[in-house]
């Protein structure tokens, strides 16, 4: 089972027709790529969780990248959380994804599995076999990707998910500075690891000296360094290890240096990232140190314009090499059972470079065009095809090979301020003295809960301010059903008048979308956007923007798939005949179990495709 995250059918089909994807063509023959229905919403963690469990999100509990604590209205990760039951016990990571997985069923039947980087597997599932956790593993700061930017510029301020470290650089002397590590529970700042920056004799080369490994790391201008292993002291007898890479943006006249998010060291992670726990170390011993954070590709560095598109793609190349080396190591050991490996890089490149396919995209405004980037997305598809060829070398007549993307892709040109719409509809109120815009803040901070009936956060929908569930809820439970329906009806068909088209295809009360034990955690209304549109950056983080309800998206994050799921199907290939019509992600778990002679779980909703 090979996952190629985010492959879009409208790109795959013409590439197949041109002969650009020969290995996928071997699988499909004359049939081409089958479509596979994705989840609502069409998000990577949601979709792969449904793949793994064979149930809709109401059955596994993952609805978005973000979740909120309804009692406190605090926004947090929707993939996992941490619990500490007493001060005497260490904190424990808890997976937000529930439900029985494919590998749970196989393990119970005595069938081994090797699972590499499936989303929502942190902390790692116990299984018969080996698992390396994927999306959901944080960086050492606890975020999705927190980088550091070193500069002598006096007015530099941190951008999204970034720390700025000021340098006193006279252009000659070594500079003593630090790398920021885990948050210190006893102080507001993070733990620090001392480093020294010294100009090498060779032009354009910087030497980073530290107590880490290696003691001297040489960084060449415009290129990514190798890994530096670092150690942060937590207490007299406690320390945690991490690994980090650097990009020297400029050496002279003053140093500008970029540090990647500090990843867990696979040999000694802060929390377990593999099952068995030493599996990550064994991988690193054989293939070298590798990215362990759930988001490997450093998209924030590109969004913040700290690194260039070429440097982003160079790091993506490294991600492909790492994953292929892991895959080859494990395939060489595979005798029977399930093998799964996910390659997420196509998804990340499309998010960041979709604008290269659309000269009129708002994100191109004011930026120089680079014709070389126009081929970057199709290059990712060719990389995926090469992976399939590599896997085919391990396939015999007893092997079922499945290649799957969890969703498709689309342009993201226009953003819809959902909280602003709720405000204009009289369903959301701001605290006295606040108006929509920066003054209202983010993270739901500016909302007057005593006068608010509904609010939005995350990428998939909106929530009622419900009595008994929300900390200061005002909507009576008996009125909730009618309010959900009324909001859905008013939102459906919402138009972007500036573009002269529908922005919201439909909105649906959650009971029409989800079923299962975790429906109560779902958004009350699910919003299905038209291709080209998405919820705004502001509303996704609980903000209430001013100005028009619809606004151009000018960020480099220019492609997306959080749209009407029917407009974002994934693609599916197999090396055996299968039922192509009506294929769903929910059908993959029963298909895999059936191929290995194991009955599907009692909660699984799909049926075998073969």
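Numbering (my numbering), first residue to last: 4 to 613. Every residue, glycine too, gets a C-beta built ideally from N, C-alpha and C. No experiment lies behind these values; they were computed from the predicted model shown.
Put residue i into one of helix, strand or coil per three-state DSSP.
{"i": "residue 166", "result": "strand"}
{"i": "residue 28", "result": "helix"}
{"i": "residue 221", "result": "strand"}
{"i": "residue 338", "result": "coil"}
{"i": "residue 198", "result": "strand"}
{"i": "residue 319", "result": "helix"}
{"i": "residue 180", "result": "strand"}
{"i": "residue 384", "result": "helix"}
{"i": "residue 112", "result": "coil"}
{"i": "residue 431", "result": "coil"}
{"i": "residue 564", "result": "coil"}
{"i": "residue 132", "result": "strand"}
{"i": "residue 391", "result": "helix"}
{"i": "residue 346", "result": "strand"}
{"i": "residue 282", "result": "helix"}
Report buried or exposed for residue i, applying the criterion of at least 16 other Cβ atoms within 10 angstroms of its Cβ.
{"i": "residue 240", "result": "exposed"}
{"i": "residue 97", "result": "exposed"}
{"i": "residue 603", "result": "buried"}
{"i": "residue 88", "result": "exposed"}
{"i": "residue 510", "result": "buried"}
{"i": "residue 53", "result": "buried"}
{"i": "residue 273", "result": "buried"}
{"i": "residue 375", "result": "exposed"}
{"i": "residue 92", "result": "exposed"}
{"i": "residue 401", "result": "exposed"}
{"i": "residue 62", "result": "buried"}
{"i": "residue 204", "result": "exposed"}
{"i": "residue 563", "result": "buried"}
{"i": "residue 468", "result": "buried"}
{"i": "residue 177", "result": "exposed"}
{"i": "residue 441", "result": "exposed"}
{"i": "residue 158", "result": "exposed"}
{"i": "residue 523", "result": "exposed"}
{"i": "residue 86", "result": "exposed"}
{"i": "residue 197", "result": "exposed"}
{"i": "residue 75", "result": "exposed"}
{"i": "residue 20", "result": "exposed"}
Excluding the 5 residues preceding and the 5 following residue i in the sequence, name in chain order all residues of the same chain whose CB lies nearer than 6 Å to its CB.
{"i": "residue 103", "result": "604"}
{"i": "residue 49", "result": "42, 60, 65"}
{"i": "residue 132", "result": "115, 116, 117"}
{"i": "residue 219", "result": "210, 212"}
{"i": "residue 155", "result": "170, 172, 257"}
{"i": "residue 259", "result": "154, 252, 253"}
{"i": "residue 568", "result": "41, 43, 45"}
{"i": "residue 194", "result": "184, 185, 187, 235"}
Which one or two residues does DSSP pair with residue i in a beta bridge?
{"i": "residue 577", "result": "405"}
{"i": "residue 236", "result": "242"}
{"i": "residue 1", "result": "Limits of the chain in this structure are 4 at one end and 613 at the other, which puts residue 1 out of reach."}
{"i": "residue 600", "result": "According to DSSP, residue 600 bridges with nothing at all."}
{"i": "residue 37", "result": "575"}
{"i": "residue 193", "result": "186"}
{"i": "residue 266", "result": "246"}
{"i": "residue 457", "result": "467"}
Please go through the same chain and pick out, in chain order, the residues whose beta-carbon is closer than 8 Å to the beta-carbon of residue i, but skip the five residues on each side of it.
{"i": "residue 2", "result": "Outside the shown range of the chain, which is 4 to 613, sits residue 2, and nothing can be said about it."}
{"i": "residue 309", "result": "150, 152, 162, 165, 252, 261"}
{"i": "residue 580", "result": "613"}
{"i": "residue 199", "result": "177, 178, 179, 180, 211, 212, 213"}
{"i": "residue 47", "result": "8, 9, 122, 138, 347, 350, 409, 410"}
{"i": "residue 242", "result": "234, 235, 236"}
{"i": "residue 415", "result": "357, 535, 536, 537, 556, 560, 561, 562, 563"}
{"i": "residue 426", "result": "432, 433, 439, 547"}
{"i": "residue 283", "result": "135, 269, 270, 272, 276, 277, 295"}
Residues in the same chain with beta-carbon distance under 7 Å from residue i, minus the five sequence neighbours each way, listed in chain order, please.
{"i": "residue 142", "result": "148, 149, 264, 265, 266, 296"}
{"i": "residue 545", "result": "78, 445, 446, 447, 460"}
{"i": "residue 84", "result": "97, 99"}
{"i": "residue 476", "result": "468, 469, 470"}
{"i": "residue 160", "result": "167"}
{"i": "residue 480", "result": "469, 470, 471"}
Quick one: does residue i have its CB under 9 Å from some CB of chain C?
{"i": "residue 105", "result": "Of the protein chains in the structure, only one exists, and it is not chain C."}
Just checking, does the stretch 218-234 make contact with the stretch 272-280 on the three C-beta pairs under 8 Å criterion? In the pairwise beta carbon analysis, the stretch 218-234 is classified as not touching the stretch 272-280: fewer than three pairs are separated by under 8 Å.
Is there contact between the stretch 402-418 and the stretch 562-577, where contact requires at least three CB pairs shorter than 8 Å? yes
For the stretch 102-116 against the stretch 321-329, do three or more pairs of beta-carbon atoms, one drawn from each stretch, fall closer than 8 Å, so that the two count as touching? no
Is the stretch 353-363 touching the stretch 332-342, taking contact as three or more C-beta pairs under 8 Å? Under the Cβ criterion (8 Å, minimum of three pairs), the stretch 353-363 does not count as touching the stretch 332-342.
Would you check if the stretch 384-400 and the stretch 589-604 touch, i.e. whether three or more CB-CB distances between them fall below 8 Å? Verdict: no, contact absent.
Would you be able to state if there are at least three C-beta pairs under 8 Å between the stretch 372-390 and the stretch 349-356? yes
When the Cβ atoms of the stretch 174-194 are set against those of the stretch 221-230, are three or more pairs found closer than 8 Å? no
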